[in-house]
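Peer 1: Take 1 as the starting number for the sequence shown in the working numbering and just add one per residue. C-beta atoms are modelled at their ideal positions from N, C-alpha and C, and glycine is treated no differently.
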Amino acid sequence: MPQMIVLIPIKDIMLDREKILVIQRDDLLLVLNDQYHLNHYADHIVQAQAQRLSGVDPYLTNQLSQTIEQLIQVLSDSKKYLKVRKFNALQKWLGIDIEYGAGQIEYYKKLEFLLAKANQLSQKLQIEIEKSRKRIEEIHLYRDEMAHYISAAESFLNEYPKFVKDIHPLDNFSERLSKKIMSLMTLQANNDIAITQMQLSEQIAFTLLDRFNEAQQILIPAWQYYVKQSHQSVSKTDLEKLDHTRQDLISTLKKSLEKIT
Numbered sequence: 001m002p003q004m005i006v007l008i009p010i011k012d013i014m015l016d017r018e019k020i021l022v023i024q025r026d027d028l029l030l031v032l033n034d035q036y037h038l039n040h041y042a043d044h045i046v047q048a049q050a051q052r053l054s055g056v057d058p059y060l061t062n063q064l065s066q067t068i069e070q071l072i073q074v075l076s077d078s079k080k081y082l083k084v085r086k087f088n089a090l091q092k093w094l095g096i097d098i099e100y101g102a103g104q105i106e107y108y109k110k111l112e113f114l115l116a117k118a119n120q121l122s123q124k125l126q127i128e129i130e131k132s133r134k135r136i137e138e139i140h141l142y143r144d145e146m147a148h149y150i151s152a153a154e155s156f157l158n159e160y161p162k163f164v165k166d167i168h169p170l171d172n173f174s175e176r177l178s179k180k181i182m183s184l185m186t187l188q189a190n191n192d193i194a195i196t197q198m199q200l201s202e203q204i205a206f207t208l209l210d211r212f213n214e215a216q217q218i219l220i221p222a223w224q225y226y227v228k229q230s231h232q233s234v235s236k237t238d239l240e241k242l243d244h245t246r247q248d249l250i251s252t253l254k255k256s257l258e259k260i261t
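See below:
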């Protein structure tokens, strides 16, 4: 399971002094007499994070969990449809054997449909998890950059009066920059909440996918094998194996839903 990445508070991120000086030289000097540049200070970081604040699609996770629930129900009904039955002449004459066989065919079709659907959804979910993980990694880099931009602005706020002569009494640059810093800090705090939610959604999806993959790769093939065996042999041992693998499969599928429901 992917580990939750603990978010270091912005104020505690290790800073590179050279980066801060570059930001002050290339960005903050421009905003002194330019309201437009101040309004858009650190905009590229804000936009970059916003573009990546999209986690695993919960609709896709719910679709897979609902399909698994349907699989559990179908597997629970398997004894009704897959029991090996012998028909006497009268029953055959009445067509009961044909009706029973048709019911088995429909059962298999429904089961295969659900397995194929679950497989398709699991593949899509795997891709979603990988994309989400990559976006989270990229957002962490932008958090680091945001920390530098906020720190650069804070230090510039204290230092700029030292090298700017004849500051006009009505100049409100200090107030405007302070508001910008507060705005960036608030925005980052909100983004951090969204990042945490992204990680939680990713963990839920990963748990569901991991348990389903176990069933898909091991337990479903085993159950299908014993279904085939039970039609070739009606020994008590084979029937017990069939029931045992069915119960294992149902149990594993139910566990996959534990953190979803």
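1. Near Ile-49, what residues of its chain come up, given a Cβ to Cβ distance below 6 Å and the 5 sequence neighbours on each side ignored?
2. If you drop the 5 nearest sequence neighbours on each side, which residues of the same chain put their C-beta closer than 7 Å to that of Leu-170?
3. Where Gln-120 and Ser-76 are concerned, what is the direct C-alpha to C-alpha distance, given to the nearest angstrom?
4. For the candidate residues Phe-113, Val-74, Arg-176 and Ala-42, whose alpha-carbon lies nearest to that of Leu-32?
5. Which whole-angstrom value is the C-beta distance of Ser-122 and Leu-64, which I expect to be below 8 Å?
6. Ser-256 and Phe-212 look like a contact to me (Cβ under 8 Å); what is the Cβ gap, rounded to whole Å?
7. Let me confirm a value: Thr-186 is counted as buried when at least 16 other C-beta atoms fall within 10 Å, else exposed. Which label applies?
8. What number of angstroms, rounded off, separates the C-alpha of Lys-254 from the C-alpha of Asp-12?
9. Identify whether Ala-215 lies in helix, strand or coil by the three-state DSSP scheme.
10. Which residue marks the beginning of the alpha helix (DSSP H) containing Arg-25, and which one marks its end?
11. Which residue's Cα is closest to the Cα of Tyr-107: Leu-115, Val-74 and Ala-118?
12. Sorry if obvious, but does the Cβ on Asp-34 come closer than 8 Å to a heavy atom of the ligand COA?
13. Helix, strand or coil: which one does DSSP assign to Tyr-36?
14. Please state the DSSP three-state secondary structure of Asp-12.
15. Mind checking which residues open and close the alpha helix (DSSP H) that includes Ser-76?
16. Have a look at Ser-151 and Ile-5 and give me their C-alpha separation to the nearest angstrom.
17. Do Glu-202 and Gly-55 have their C-beta atoms closer together than 9 Å?
18. Label Ala-215 either buried or exposed according to how many other C-beta atoms from any shown protein chain fall within 10 Å of its C-beta, with 16 as the threshold for buried.
19. Beta-carbon within less than 6 Å of His-37's beta-carbon, same chain only, minus the 5 sequence neighbours each way: which residues are those?
20. Would you call Phe-156 buried or exposed, if buried means 16 or more other Cβ atoms sit within 10 Å of its Cβ?
21. Among Phe-113, Ile-20 and Pro-58, which one has its Cα closest to the Cα of Ala-42?
22. Can you grab the Cα-Cα spacing for the pair Lys-117 / Asp-144, in whole Å?
23. Looking only at its own chain, which residues have a Cβ that is under 7 Å from the Cβ of Ser-132, when we skip the five neighbours before and after it?
Peer 2: In this structure, then:
1. The residue given as residue 49 occupies position 49 in the sequence shown. Per the sequence presented here, residue 49 reads as Gln, with Ile not at that position. Around Gln-49: Ile-139, Tyr-142 and Asn-191.
2. Numbered from its first residue, the sequence shown carries residue 170 at position 170. For Leu-170, the predicted structure reports a pLDDT of 48, less than 50, and the residue's modelled location is therefore unreliable. A value from the coordinates is still provided. Result list for Leu-170: empty, nothing under 7 Å.
3. For the purposes of this step, residue 120 is taken as the residue at position 120 of the sequence shown. For the purposes of this step, residue 76 is taken as the residue at position 76 of the sequence shown. Spanning the two alpha carbons is a distance of roughly 22 Å.
4. Locating residue 32 in the sequence shown gives position 32, where the first residue counts as 1. Measuring from the Cα of Leu-32, the nearest candidate turns out to be Arg-176.
5. The residue you call residue 122 lines up with position 122 of the sequence shown. The residue you call residue 64 lines up with position 64 of the sequence shown. The pair is a contact, with the Cβ atoms about 6 Å apart (cut-off 8 Å).
6. Translated into positions along the sequence shown, residue 256 becomes position 256. Translated into positions along the sequence shown, residue 212 becomes position 212. Indeed they touch by this definition, with Cβ atoms about 5 Å apart.
7. Taking the sequence shown and counting its residues from 1, one reaches residue 186 at position 186. Exposed: under 16 other Cβ atoms inside 10 Å.
8. Within the sequence shown, numbered from 1, the residue matching residue 254 stands at position 254. Within the sequence shown, numbered from 1, the residue matching residue 12 stands at position 12. Between the alpha carbons of Lys-254 and Asp-12 lies a gap of roughly 42 Å.
9. Numbered from its first residue, the sequence shown carries residue 215 at position 215. In the structure shown, Ala-215 sits in a helix (DSSP, three-state: H, G or I).
10. For the purposes of this step, residue 25 is identified with residue 25 of the sequence shown, where counting begins at 1. No alpha helix (DSSP H) contains Arg-25, which DSSP labels as neither H nor E.
11. Within the sequence shown, numbered from 1, the residue matching residue 107 stands at position 107. Ranking the options by Cα distance to Tyr-107, first place goes to Val-74.
12. With respect to small molecules bound, the structure shown includes none, and the ligand COA cannot be examined in it.
13. Residue mapping note: residue 36 aligns to position 36 of the sequence shown, counting from 1. Tyr-36: helix per DSSP, three-state reduction.
14. The count along the sequence shown starts at 1 and reaches residue 12 at position 12. Asp-12: helix per DSSP, three-state reduction.
15. Translated into positions along the sequence shown, residue 76 becomes position 76. Note, Ser-76: alpha helix (DSSP H), 58-76.
16. The count along the sequence shown starts at 1 and reaches residue 151 at position 151. The count along the sequence shown starts at 1 and reaches residue 5 at position 5. Their backbone Cα atoms lie some 23 Å apart in a straight line.
17. Numbered from its first residue, the sequence shown carries residue 202 at position 202. Numbered from its first residue, the sequence shown carries residue 55 at position 55. It is a contact, given that the beta carbons lie within the stated cut-off.
18. Along the sequence shown, read from residue 1 onward, the residue named residue 215 stands at position 215. Its Cβ being crowded by 16 or more others within 10 Å, Ala-215 is buried.
19. Within the sequence shown, numbered from 1, the residue matching residue 37 stands at position 37. The answer, listed in chain order, is Leu-30 and Val-31.
20. Locating residue 156 in the sequence shown gives position 156, where the first residue counts as 1. Burial call: buried.
21. In the sequence shown, the residue the question calls residue 42 occupies position 42. The residue with the shortest Cα to Cα distance from Ala-42 is Ile-20.
22. Sequence index remark: in the sequence shown, residue 117 carries index 117 (1-based). Sequence index remark: in the sequence shown, residue 144 carries index 144 (1-based). Going by the C-alpha atoms only, they are around 41 Å apart.
23. The count along the sequence shown starts at 1 and reaches residue 132 at position 132. Counting only Cβ-Cβ distances below 7 Å, and skipping sequence neighbours, we find Gly-55, Val-56, Met-198 and Glu-202.
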